[in-house]
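Comments concern the structure below.
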Amino acid sequence: MYLFSTEDGTMLHYDRIGEGEPVYFFHPPALGAAVFTEQTPLAEWYKLVALNARGHALSESGREPLSLKLWAEDARALADYEQDERVVLVGYSCGGLAALEFALRFPKRVRGLVLIGGFPVVDTLLLEREFRLGVYAAEHTWQSLMSKVLSRSHTKHKEARERMRRTVQSVQSDVLASWYRAGVEADYTNALGQLTAPTLLVYGIHDRYVQGYQSTFYEQVKKARIDTVYIDGVGHQVPTRRSKEFNAVLRSFLMNNP
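According to this note's numbering, the sequence shown is numbered sequentially starting from 17.
Shown next as structure tokens:
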């Protein structure tokens, strides 16, 4: 367990394992850094850092209004604290929006960008419904139910499932609702043209929620190399349900983008 303090005095909790090229992970709301437990084998070659966003696990929520900008600034502050000058960003689902914010706000600090089930905006009926449901569940303090549903849908491994369950239950209702709102209100579509880091999109072959956004990335990204990998036999939960396949894809990306 690692802790560091931001400039505004907020104590944030993060996981760190391994040495080498730094890889920073951005989780979806509720699940926290625990959702990347299955990526720990990559610590044999890389330094893996997963920040718990404000209000998750042992991270304090602080006094500032929660926003993707604040999340990116917290991650940059952590990179400063860890003395990591350039990092690879890995964003999963809504965490990809925070990774995009970081990549656009601090381009010189980014060596590569990997988006798992990524999207630049919530503008489809199916995806917007999922976000609105998240806000509704948070506002009605359904964390106990959410913790069971989210942890069980992501993994069969008891230890990882329990860690995710505890993380979901650690998030206060107003904090969780704020993070979901930040996601549904974001729109990076036009800003994608400013991306400069090599970018990899990773989608589960059965992920009907976000696959369609691939075309948006290819239409808008002009200054960076962009590639897509589809992983068979899985929907949205790629890093947990197909961890071996995803880890191999991520390592290949890191090796081919020095």
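We treat Cβ as the ideally placed atom computed from N, Cα and C, and that holds for glycine.
None of the values given here were measured: they were computed from a predicted structure.
Among the options, which residue has its Cα nearest to the Cα of residue i?
i      : options                           : result
Trp195 : Lys63, Phe135 and Ala114          : Ala114
Ser83  : Glu76, Thr244, Ala198 and Gly128  : Ala198
Thr26  : Ala46, Glu54 and Glu76            : Glu76
Leu208 : Gln227, Lys239 and Trp61          : Lys239
Ala73  : Met271, Leu86 and Val191          : Val191
Gln236 : Tyr219, Val218, Leu211 and His252 : Leu211
Arg145 : Lys260, Val226, Asp100 and Tyr97  : Val226
Ala193 : Ala213, Ala46, Arg257 and Ala154  : Ala154
Glu98  : Pro38, Ala213, Thr140 and Arg79   : Pro38
Leu47  : Arg92, Ala95, Gly78 and Gly107    : Gly107
Gly78  : Gly220, Met180, Asp223 and Gln188 : Gln188
Phe269 : Ala69, Leu217, Glu23 and Ala91    : Leu217
Thr140 : Thr232, Tyr18 and Leu19           : Thr232
DSSP three-state label for residue i, please.
i      : result
Gly150 : helix
Pro214 : coil
Met271 : helix
Lys63  : strand
Arg79  : coil
Met180 : helix
Glu37  : strand
Thr286 : The chain is shown from 17 up to 274; residue 286 falls before or after that span and cannot be answered.
Gly251 : coil
Phe52  : helix
Thr244 : strand
Val237 : coil
Val200 : helix
Can you give the Cα-Cα distance for residue i and residue j, rounded to whole angstroms?
i      : j      : result
Ala66  : Ile33  : 9 Å
Ile242 : His29  : 32 Å
Leu105 : His173 : 25 Å
Phe135 : Ser21  : 30 Å
Glu178 : Arg102 : 33 Å
Ser186 : Gly71  : 8 Å
Pro123 : Ala264 : 25 Å
Asp13  : Thr205 : Within the shown structure, residues of the chain are numbered from 17 to 274, placing residue 13 beyond reach of any answer.
Val245 : Ile132 : 10 Å
Arg267 : Gly251 : 21 Å
Lys260 : Glu54  : 8 Å
Ala59  : Gly150 : 32 Å
Asn273 : Asp223 : 26 Å
Gly220 : Lys85  : 28 Å
Arg276 : Thr256 : What the structure shows of the chain is the stretch from 17 to 274, and residue 276 is not part of that stretch, so it cannot be assessed.
Buried or exposed for residue i, going by 16 or more other Cβ atoms inside 10 Å?
i      : result
Ile152 : First, the residue type needs correcting, since residue 152 is Tyr and not Ile in the sequence shown. Classification of Tyr152: exposed, given that the 10 Å Cβ count is below 16.
Tyr234 : exposed
Glu175 : exposed
Asp31  : buried
Asp24  : exposed
Asp90  : buried
Which same chain residues, not among the five before or five after residue i, have their C-beta less than 6 Å away from its C-beta?
i      : result
Val2   : Residue coverage of the chain in this structure runs from 17 to 274, which leaves residue 2 outside it and unanswerable.
Arg258 : Ile247 and Val250
If I measure Cβ to Cβ from residue i and keep anything under 7 Å in the same chain, skipping five residues before and after, which residues do I get?
i      : result
Glu35  : Lys63
Ala119 : Leu105, Val126, Leu129, Leu211 and Ala213
Once you ignore the five residues that flank residue i on each side, which residues in its own chain have a CB closer than 8 Å to its CB?
i     : result
Pro44 : Val51, Tyr108, Ser109, Cys110 and Gly111
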